[in-house]
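Student: At position 38 of the sequence shown the residue is numbered 56 (our numbering), and the sequence of numbers has no breaks.
Ideal Cβ positions, reconstructed from N, Cα and C, are used throughout, including at glycine.
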Amino acid sequence: MIDITHKTKELLMRKIKTKQAKVGVIGLGYVGLPLAMELAASGYEVTGIDIDPQKVTSLNDGESHILDVRSEIVCDAVRNGRFEATNDFYVLKDLDAVSVCVPTPLNENQEPDISFMTFTAEKLVKHMQNPILILLESTTYPGTTRELFADRFEAAGKRVKEDYFLCFSPERVDPGNAKFQTKSIPKVIGGLTTECSELAEQLYGSVLDQLVLVSSPETAEMSKLLENTFRSINIAFVNEMAMMCERMGLDIWETIDAAATKPFGFMPFYPGPGVGGHCIPLDPMYLHWKGKQSKFFNKFIETAQEINMNMPYRVVDKIRDALNTHGKSLKEAKVLLVGAGYKADINDVRESPTLDIYEILRENQTNIAVLDPFVAQFKDKDKQIVPVIQSERCDFAAYDCVVVLTKHSTLDYEQLFVESKTIVDMRNLYKADSQKVFKIGGGK
Ligand code: SAJ
19 MIDITHKTKE LLMRKIKTKQ AKVGVIGLGY VGLPLAMELA ASGYEVTGID IDPQKVTSLN
79 DGESHILDVR SEIVCDAVRN GRFEATNDFY VLKDLDAVSV CVPTPLNENQ EPDISFMTFT
139 AEKLVKHMQN PILILLESTT YPGTTRELFA DRFEAAGKRV KEDYFLCFSP ERVDPGNAKF
199 QTKSIPKVIG GLTTECSELA EQLYGSVLDQ LVLVSSPETA EMSKLLENTF RSINIAFVNE
259 MAMMCERMGL DIWETIDAAA TKPFGFMPFY PGPGVGGHCI PLDPMYLHWK GKQSKFFNKF
319 IETAQEINMN MPYRVVDKIR DALNTHGKSL KEAKVLLVGA GYKADINDVR ESPTLDIYEI
379 LRENQTNIAV LDPFVAQFKD KDKQIVPVIQ SERCDFAAYD CVVVLTKHST LDYEQLFVES
439 KTIVDMRNLY KADSQKVFKI GGGK
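(1) Can we count Ser370 as close to the ligand SAJ, meaning its CB is less than 8 Å from some heavy atom?
(2) Does the beta-carbon of His145, which I'm using as the reference point, lie nearer than 8 Å to any heavy atom of the ligand SAJ?
(3) The ligand SAJ and Thr157: does the residue's C-beta get closer than 8 Å to at least one heavy atom of that ligand?
(4) Could you spell out the range, first to last residue, of the alpha helix (DSSP H) harbouring Asn342?
(5) At 3 residues or longer, and completely inside the segment 202-259: list those beta strand (DSSP E) runs for me, N to C.
(6) Go ahead and pull the three-state DSSP assignment for Gln72.
(7) Got a sec: does the ligand SAJ put a non-hydrogen atom nearer than 8 Å to the Cβ of Cys263?
(8) Quick check: His426 and Gly357, are their CB atoms within less than 9 Å of each other?
(9) Examine the ligand SAJ and report whether any of its heavy atoms sits within less than 8 Å of the Cβ of Arg249.
(10) Assuming Ile84 and Leu53 are in contact, meaning their beta carbons sit under 8 Å apart, how far apart are those beta carbons, in whole angstroms?
(11) What is the DSSP secondary structure of Val120, counted as helix, strand or coil?
(12) Glu102 bridges to which residues according to DSSP?
(13) Going by C-alpha distance, which of Asp269, Thr440, Ala103 and Glu410 is nearest Cys419?
(14) Return the chain-ordered list of same chain residues with a C-beta closer than 7 Å to the C-beta of Thr343, the five sequence neighbours on each side being excluded.
(15) Looking at C-alpha atoms only, which residue of Lys27, Lys313 and Gly161 is the closest neighbour of Ala238?
(16) Does the Cβ-Cβ distance between Gly42 and Val109 come in under 9 Å?
(17) What span of residues does the alpha helix (DSSP H) with Tyr431 cover, start to end?
(18) Looking at Leu373: is its Cβ nearer than 9 Å to the Cβ of Val421?
(19) Hey, quick one: how far does the beta strand (DSSP E) through Gln311 stretch, first residue to last?
(20) Taking the DSSP output, what are the residues bridged to Glu395?
(21) With 16 as the cutoff for other CB atoms within 10 Å, does Phe171 come out buried or exposed?
(22) Give every residue of the same chain whose Cβ lies closer than 6 Å to the Cβ of Met240, excluding the five residues on either side of it in the sequence, and list them in chain order.
(23) If you drop the 5 nearest sequence neighbours on each side, which residues of the same chain put their C-beta closer than 6 Å to that of Asn385?
(24) Less than 8 Å separating the Cβ of Tyr222 from some heavy atom of the ligand SAJ?
(25) The alpha helix (DSSP H) spanning Tyr182 covers which residue range?
(26) Helix, strand or coil for Cys419, going by three-state DSSP, please let me know.
(27) Examine the ligand SAJ and report whether any of its heavy atoms sits within less than 8 Å of the Cβ of Val334.
(28) So does Arg171 have its beta carbon nearer than 8 Å to some heavy atom of the ligand SAJ?
(29) What is the DSSP secondary structure of Leu379, counted as helix, strand or coil?
(30) With C-beta atoms as the reference, is Leu153 less than 9 Å away from Ala115?
(31) Please work out which residues of its chain come closer than 8 Å, Cβ to Cβ, to Asn246, disregarding the five sequence neighbours upstream and downstream, and give them in chain order.
(32) Starting from Ala115, follow its DSSP beta bridges and name the residues at the other end.
(33) With C-beta atoms as the reference, is Lys176 less than 9 Å away from Asn148?
(34) In the DSSP assignment, find the alpha helix (DSSP H) that holds Leu30 and state where it starts and stops.
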């Protein structure tokens, strides 16, 4: 009896090997767009699918909305027929492979919001026709690939290795990192079956420099959460050490630099105003949530989340100290927050601690301004637009306190130091010996 699954796999393998396979990427953000461009550059005909019609239009006009992807790259891919964007999921019927790069945020209860994944799974069930290789990239809790996708496909009468092949392959994009871009970052792949992994290995192997095959989708899902929970916990650890140094009159920054001279067994993390971004504040909570279903309460994750989420309040305490030296209180003081982006030299404000600090100061009726060379505006918690001074400098002397929250490389820190009346320095730009500089764990 002809093994239909073997035949199906071989047919799909040949399409992928010869680059005849029609490949799709669902979600054209900081993960999906770079991946789509790498697939197109390696010779595949790529269809980008996104629910945002504005993104679709601008991409088809050859414009990139992602800092790490130059518009020329998009323009070339569109012009040579290697890339086309659409918001019509009907195109899934013609695809042989698709990567899913949709958001996996938290809801207001700090629990996983899998609505984008579920929406995508439904679209796949509705439209997939050819035997199709599906690769999930969005960071999520162990079990998602099987529970949200495989079980749904089987319930709809689709059979693995006949109608679909399914893998989890976590995204590892680090926005703004010039050294490690999509192509050069090792890619973990966990297939539902060996055949699924083999097809994924063929597709991604021709596009990315290094693949890391693991035994299951759950292992791949868990590896990503381990990576980022490791970061969250270590950032929380050093934030707490900063507050401990503050209490003991020691300088955390000098302490870390000394410890970092150890050539093994130590990895420096640095105190900050809190933890922003699309990964580190969220990923551990996906793991924490899933662990509870196995009656496992991960205390490290809970403690780290509490410490990191409290840092904005510690920053406001420090601003209060700085203002007090001039007989000012938070009420009506003029405070400049420097850096809306959650980390240096990018324009992403998601989960940025600056937004939390802005809200706390707003509750204290402080006169707040925000400066950031990469950001023009953001929305406050009432969804109102907050204009940002999009510049490297301003009249720093006009403020009672200037708060350095993000260490953008283009900012004029010399002028900031000279002109500012008081400075709360959350990024160790200035030495603590100046009377006007206030730092958490600054040793003063
Ligand atoms: N932060 C600190 N102290 C530190 C490191 C970071 O306070 O020592 C803060 C940052 O200011 C930021 C937040 O934590 O607000 C997150 O910073 P991040 O350096 O982790 O940057 P992300 O959120 O862009 O994380 C990404 C992650 N990449 C992926 O998930 C694919 C992470 O795994 C990377 O390790 C990280 O980039 C990186 O190394 O830049």
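Tutor: Reading from the atomic positions:
(1) Result yes, Cβ under 8 Å from the ligand SAJ.
(2) Every heavy atom of the ligand SAJ is 8 Å or more from the Cβ of His145, so no.
(3) For the ligand SAJ, at least one heavy atom lies less than 8 Å from the Cβ of Thr157.
(4) Per DSSP, Asn342 belongs to the alpha helix (DSSP H) from Lys317 to Asn342.
(5) Listed in chain order, the complete beta strand (DSSP E) runs (minimum 3 residues) inside the segment 202-259 are 205-209 and 229-232.
(6) In the structure shown, Gln72 sits in a helix (DSSP, three-state: H, G or I).
(7) Checking every heavy atom of the ligand SAJ against the Cβ of Cys263, none is found closer than 8 Å.
(8) Yes, the Cβ-Cβ distance between His426 and Gly357 is below 9 Å.
(9) Arg249 Cβ: within cutoff of the ligand SAJ.
(10) Their Cβ separation, rounded to whole angstroms, is 11 Å, which puts Ile84 and Leu53 out of contact at 8 Å.
(11) Correct three-state label for Val120: coil.
(12) Looking at the DSSP output, Glu102 sits in a beta bridge with Thr65.
(13) The alpha carbon of Cys419 has as its nearest neighbour, out of Asp269, Thr440, Ala103 and Glu410, the alpha carbon of Thr440.
(14) Same-chain partners within the cutoff: Thr440.
(15) Of the candidates Lys27, Lys313 and Gly161, Gly161 places its Cα closest to the Cα of Ala238.
(16) At a Cβ-Cβ threshold of 9 Å, Gly42 and Val109 count as neighbours.
(17) Note, Tyr431: alpha helix (DSSP H), Tyr431 to Glu437.
(18) No, they are not a contact pair.
(19) Looking at the DSSP string, Gln311 is not in any beta strand (DSSP E); the run it does join, the alpha helix (DSSP H), is Asp301 to Gln311.
(20) Here the sequence assigns Gln to residue 395, which means Glu is not the residue at that position. Partner(s): Pro405.
(21) Flag for Phe171 reads buried.
(22) Excluding sequence positions up to five before and after Met240, its CB lies within less than 6 Å of the CB of Pro160, all in the same chain and listed in chain order.
(23) Apart from the 5 residues on each side of it in sequence, Asn385 sits with its Cβ closer than 6 Å to the Cβ of Lys352 in its chain, given in chain order.
(24) Result no, Cβ not under 8 Å from the ligand SAJ.
(25) From DSSP, Tyr182 is part of no alpha helix (DSSP H) but of the beta strand (DSSP E) over Tyr182 to Phe186.
(26) Cys419 falls in the strand class under three-state DSSP.
(27) In this structure, the ligand SAJ has no non-hydrogen atom nearer than 8 Å to the beta-carbon of Val334.
(28) Checking the displayed sequence, the identity of residue 171 turns out to be Phe instead of Arg. Flag unset: Cβ of Phe171 not near the ligand SAJ.
(29) Leu379 falls in the helix class under three-state DSSP.
(30) Between Leu153 and Ala115, the C-beta gap is smaller than 9 Å, which places the two residues in contact.
(31) Contacts found: Thr157, Cys297, Ile298, Asp301 and Pro302.
(32) Answer is Val41 and Leu151.
(33) For the 9 Å CB-CB criterion, Lys176 and Asn148 do not form a contact.
(34) Annotation: the continuous alpha helix (DSSP H) that includes Leu30 extends over Ile22 to Lys35.
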